[in-house]
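For the sequence shown, position 116 matches number 102 in our numbering, and the numbering has no gaps at all. Here is the structure we will look at.
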Amino acid sequence: MPGQDVWVKPEHVAIIMDGNGRWATARGLPRSAGHKAGVEALQRAVRAVGDRGIPWLTLYAFSSENWSRPKSEVSDLMGLLKFFIRRDLAELHRNGVRVRILGEREGLQKDIGALLREAEALTRANTRMNLQIAFNYGARDEIVRAARKAIAAAQAGEFDRLDEAVFASMLDTADAPDPDLVIRTGGDQRLSNFLLWQAAYAELVFLDCRWPDFGEAELDAALAQFGSRQRRFGGVVARDAS
Ligand code: IPE
Ligand code: IPE
Ligand code: MG
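Shown next, in the form of structure tokens:
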């Protein structure tokens, strides 16, 4: 276990932000109130991760399976994404955050597509921190889209042999380091189609706290768990998490 405040830090933290609905229901509020509170937690998380000098953060905001929710909830979530980008994009840019959106763009509302492009274009040259937001994202969908790209590139003679590095470069996360730590709030212990390729050797930390209650203390607790793990990557020599 590292010293009290000198944690071995991950380079890339990914978070499955779950539990908004249960947070709201427990308070007698509509689920939409949980999603709204979830946006505030998201803003806190970006700041807290940046303050800790962790250069990569990936957040799971809307899955390709979340379309199966009631129409009104889906439309609340779309509205909140727009609200978040319109409200917080300038601050993210000021703070040197480069934004990248993971997931399928086709089929999204036109105004959402335009906002996502604007967020990426405005922040493209920033270097302090990388924020990937997985929206309309499913790992299986991402892998299939990458496979299609690989087939097209092979037919165009762009590479001789498909290997892991070439394939990874076709994923939405091209050029990003793999996540070292995946945190899921809300108490469930599953990946729900998140970063199935990239998280092959990630440390997993499951927190009972619901996403709207996630703050610095919960982040530090997850980082402390990460710091106490030994990663072996299939070898025999234990390495402290790093
Ligand atoms: C996470 O909270 C937000 C999204 C999946 C969009 P949920 O809405 O899944 O909340 P629970 O899991 O029902 O409590
Ligand atoms: C995972 O949460 C997706 C996001 C956090 C965006 P879900 O609430 O959709 O996952 P399941 O249905 O409990 O597996
Ligand atoms: Mg959920």
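Yeah, the Cβ is synthetic: ideal placement off N, Cα and C, and Gly gets one too.
query	result
Cβ of Gly79 within 8 Å of any heavy atom in ligand 1?	According to the sequence displayed, residue 79 carries His and not Gly. Outside the cutoff, so no.
With a 10 Å radius around its C-beta and 16 neighbouring C-beta atoms as the bar for buried, classify Ser49 as buried or exposed.	buried
Any beta carbon from chain D within less than 9 Å of Leu108's own beta carbon?	Checking the listed chains, one finds no chain D in this structure; it contains a single protein chain.
Taking three-plus beta-carbon pairs below 8 Å as touching, is the region -4 to 10 in contact with the region 19 to 38?	yes
His79 to Val191, Cα distance in whole Å?	29 Å
Only counting runs of 4 or more residues, tell me where the alpha helix (DSSP H) segments fall wholly within the region 113 to 154, in order along the chain.	125 to 141, 150 to 154
By the three-class DSSP mapping on this structure, what secondary structure does Gln216 have?	strand
Going by CA-CA distance only, name the one from Thr109, Thr159, Asp149 that's closest to Ile71.	Thr109
Figure out for me which residue from Gly20, Arg131, Gln175 has the closest Cα to the Cα of Leu66.	Gly20
Check the C-beta distance from Leu157 over to Ala136 and give it rounded, since I have them as a contact under 8 Å.	Not confirmed; about 10 Å, so no contact.
Under the three-state reduction of DSSP, which class applies to Met(-13): helix, strand or coil?	Model confidence at Met(-13) stands at a pLDDT of 43, short of 50, so the residue's coordinates are unreliable; what they give is reported in the following sentence. Here Met(-13) sits in coil by DSSP.
Residue range of the beta strand (DSSP E) that Val35 falls in?	First-last for Val35: 17 to 37, but that is the alpha helix (DSSP H), not the beta strand (DSSP E).
Taking DSSP as the reference, what is the three-state secondary structure of Val223?	coil
Less than 8 Å between C-beta atoms, sequence neighbours within five positions excluded: which residues of the same chain meet that for Pro165?	Pro(-4), His(-2), Val(-1), Ala0, Trp42, Thr44, Leu181, Gln184, Ala185, Ala188
Pull up the DSSP beta-bridge partners for Trp197, would you.	Bridge partners of Trp197: none, in fact.
Let me check understanding here. Comparing Cα to Cα, which of Arg147, Ile169, Arg215 lies closest to Cys195?	Ile169
Using the DSSP secondary-structure output, state which residues sit across from Ile98 in a beta bridge.	For Ile98, which the question treats as bridged, DSSP gives no partner whatsoever.
Straight-line CA distance for Phe212 to Thr171?	15 Å
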